[in-house]
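Inspection log for the structure reproduced underneath, given as structure tokens.
There are 2 protein chains.
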Amino acid sequence: MGVASTAPGRRIGTTTSKTRSLLVDAAEQLLLDEGYAAVTSRRVGAKAGLKPQLVHYYFRSMEDLFLEVFRRRADENLARAEAALATDETLRTLWRINADLRGAAFNIEFVALANHHKAIRAEVARYAERFRAIQLEAMARSLAGHGIAADRLPPVAALLLMTGLTQVLSLERALGVTAGHDEALAFVTDLIDRLEPPVAPT
Amino acid sequence: MGVASTAPGRRIGTTTSKTRSLLVDAAEQLLLDEGYAAVTSRRVGAKAGLKPQLVHYYFRSMEDLFLEVFRRRADENLARAEAALATDETLRTLWRINADLRGAAFNIEFVALANHHKAIRAEVARYAERFRAIQLEAMARSLAGHGIAADRLPPVAALLLMTGLTQVLSLERALGVTAGHDEALAFVTDLIDRLEPPVAPT
DNA sequence: GTCTATACTTCGATAGAC
DNA sequence: GTCTATCGAAGTATAGAC
Numbered sequence: 001m002g003v004a005s006t007a008p009g010r011r012i013g014t015t016t017s018k019t020r021s022l023l024v025d026a027a028e029q030l031l032l033d034e035g036y037a038a039v040t041s042r043r044v045g046a047k048a049g050l051k052p053q054l055v056h057y058y059f060r061s062m063e064d065l066f067l068e069v070f071r072r073r074a075d076e077n078l079a080r081a082e083a084a085l086a087t088d089e090t091l092r093t094l095w096r097i098n099a100d101l102r103g104a105a106f107n108i109e110f111v112a113l114a115n116h117h118k119a120i121r122a123e124v125a126r127y128a129e130r131f132r133a134i135q136l137e138a139m140a141r142s143l144a145g146h147g148i149a150a151d152r153l154p155p156v157a158a159l160l161l162m163t164g165l166t167q168v169l170s171l172e173r174a175l176g177v178t179a180g181h182d183e184a185l186a187f188v189t190d191l192i193d194r195l196e197p198p199v200a201p202t
Numbered sequence: 203m204g205v206a207s208t209a210p211g212r213r214i215g216t217t218t219s220k221t222r223s224l225l226v227d228a229a230e231q232l233l234l235d236e237g238y239a240a241v242t243s244r245r246v247g248a249k250a251g252l253k254p255q256l257v258h259y260y261f262r263s264m265e266d267l268f269l270e271v272f273r274r275r276a277d278e279n280l281a282r283a284e285a286a287l288a289t290d291e292t293l294r295t296l297w298r299i300n301a302d303l304r305g306a307a308f309n310i311e312f313v314a315l316a317n318h319h320k321a322i323r324a325e326v327a328r329y330a331e332r333f334r335a336i337q338l339e340a341m342a343r344s345l346a347g348h349g350i351a352a353d354r355l356p357p358v359a360a361l362l363l364m365t366g367l368t369q370v371l372s373l374e375r376a377l378g379v380t381a382g383h384d385e386a387l388a389f390v391t392d393l394i395d396r397l398e399p400p401v402a403p404t
């Protein structure tokens, strides 16, 4: 899509450049360590060991850089989820996908960013929808397989509960608040173990 | 940043000043409308119709301003939750407290901020713990009243599921993603209606 | 007690040098 | 195709005028 740039006067570096990747790496690192406000052209340049102006050579704007950082990670997450569910479409796998979700902090930053930037909001929304769709199919089939009718527990409700729980847990963990987490985790894993008995008994 | 400094040489305005409240109002508005990055002394001053330097007269740092904005809203939320549960300690009230939670966007911003600022993280954590504690007691009593044993559904697990769900829903709503929301909401309200039949039948 | 004039830093972005 | 010199705007914060 579109680097097409109906755009006017400025020259932009190739997307295959090694330097460009370094900048995206540095931006991602900064975002995770210090939040999106720390992702400035100067600091990204410094972290990458490069001149800050290079950020503006490879990206038309800071927003473009954010989008690149987001897409890279998002594509990774989607691919990982798809791969996991392709071989094993179970509740346990779904739970693992949600619980292991790398960088919940990452998501928080982008949701916060999405409030401000229209283009980022659109991208995050698109990702959220795709991620949901991938999981929803698996959830529906899993529940049906366990004889749980959709009118008793709608698959999308189960999925939203699962997603919500894992997000709250990781969000609180980042704050240093973990009271009750073990109990909540045990509740879910017990539930899954009952529906899908583990192969190796403890 | 870390201007820690129990500080020396600068004069700070009184906390009862009308001007001060105007600045906090403006900051809160900006935070909700455009995200925390938009909360700068210049923009806060402009929104309040005042000189930007006044922000630094009434607050030792921008972090102090953020803390003030957060506390004001947090205290309001805690008081509202306490009041609601004092008169009516039911699942339905708990659900309402979570679902109605004003400004989920607000929470997002502060959680994102908490990643960066230690003082803010501490304050947000303290708030999260108090909010949880207030609800947990009510949840435990409600479940017990409905004959649901704590070893079958630990109250804290129920609460985390509830909180997680409402947070994910409002977060997604902010993104413009609402697929499945109605089903999830219906699932929970039906569940509550079954345990606590509504007084006025539809 | 309240506010302003001012200092200095860092920001995103571009035009032009290699 | 790649990078740098440089600009004007915006950031936080302080010292000092009312």
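Protein chains in written order, with our numbering: chain A, 1 to 202; chain B, 203 to 404. The C-beta atom is built at its ideal place from N, Cα and C for all residues, glycine as well.
- Inter-segment contact for the region 349-364 of chain B and the region 302-309 of chain B is absent: fewer than three beta-carbon pairs are separated by less than 8 Å.
- Apart from sequence neighbours up to five positions away, the residues of its chain that approach residue 54 of chain A with a beta-carbon distance below 7 Å are 19, 23 and 45, ordered along the chain.
- Rounded to the nearest whole angstrom, the C-alpha separation of residue 227 of chain B and residue 87 of chain A is 53 Å.
- Between residue 394 of chain B and residue 287 of chain B the beta-carbon gap is near 15 Å, outside 8 Å, which marks them as no contact.
- In this structure, the CA atom of residue 78 of chain A is about 6 Å from the CA atom of residue 131 of chain A.
- In terms of CA proximity to residue 376 of chain B, A:124 leads the group A:124, A:189 and A:200.
- For residue 126 of chain A, the closest C-alpha among the options A:71, A:161, A:141 and A:34 is that of A:71.
- Of B:299, B:401, B:253 and B:275, the smallest CA-CA separation from residue 336 of chain B is found for B:299.
- Taking a Cβ-Cβ threshold of 7 Å, the residues of chain B close to residue 177 of chain A are 327, 330 and 331, in chain order.
- Interface with chain A (8 Å Cβ-Cβ cutoff): residue 349 of chain B is excluded.
- Under the DSSP assignment, residue 357 of chain B falls in the alpha helix (DSSP H) whose first and last residues are 357-377.
- Chain A has a Cβ within less than 8 Å of the Cβ of residue 310 of chain B.
- Residue state for residue 278 of chain B is assigned as helix, using DSSP reduced to three classes.
- For residue 231 of chain B, not one C-beta of chain A is nearer than 8 Å to its own C-beta.
- At a C-beta separation below 9 Å, residue 163 of chain A has these neighbours in chain B: 366, 367 and 370.
- About 6 Å separates the beta carbons of residue 363 of chain B and residue 165 of chain A, which is inside the 8 Å limit, making them a contact pair.
- Distance from the CA of residue 119 of chain A to the CA of residue 344 of chain B, rounded to the nearest whole angstrom, comes to 44 Å.
- A check of alpha carbon separations from residue 217 of chain B across B:381, B:316 and B:270 identifies B:270 as the nearest.
- The alpha-carbon separation between residue 168 of chain A and residue 390 of chain B amounts to approximately 18 Å.
- Not flagged as an interface residue toward chain A: residue 258 of chain B, since no C-beta distance is shorter than 8 Å.
- Against residue 275 of chain B, chain A offers no close residue; the least beta-carbon distance is about 16 Å (beta-carbon pairs closer than 8 Å).
- The C-beta of residue 37 of chain A comes closer than 8 Å to at least one C-beta of chain B.
- Straight across, the Cα-Cα distance linking residue 76 of chain A with residue 170 of chain A is about 19 Å.
- Rounded to whole angstroms, the separation of the alpha carbons of residue 117 of chain A and residue 63 of chain A is 8 Å.
- Residue 35 of chain A counts as buried, since no fewer than 16 other beta carbons sit within 10 angstroms of its beta carbon.
- Taking CB atoms only, residue 34 of chain A has a neighbour in chain B less than 8 Å away.
- At a cut-off of 8 Å between C-beta atoms, residue 321 of chain B does not count as an interface residue with respect to chain A.
- One thing to note: residue 253 of chain B has its Cβ no nearer than 8 Å to the Cβ of residue 232 of chain B.
- Using beta-carbon distances, residue 358 of chain B counts as an interface residue toward chain A, with a partner under 8 Å.
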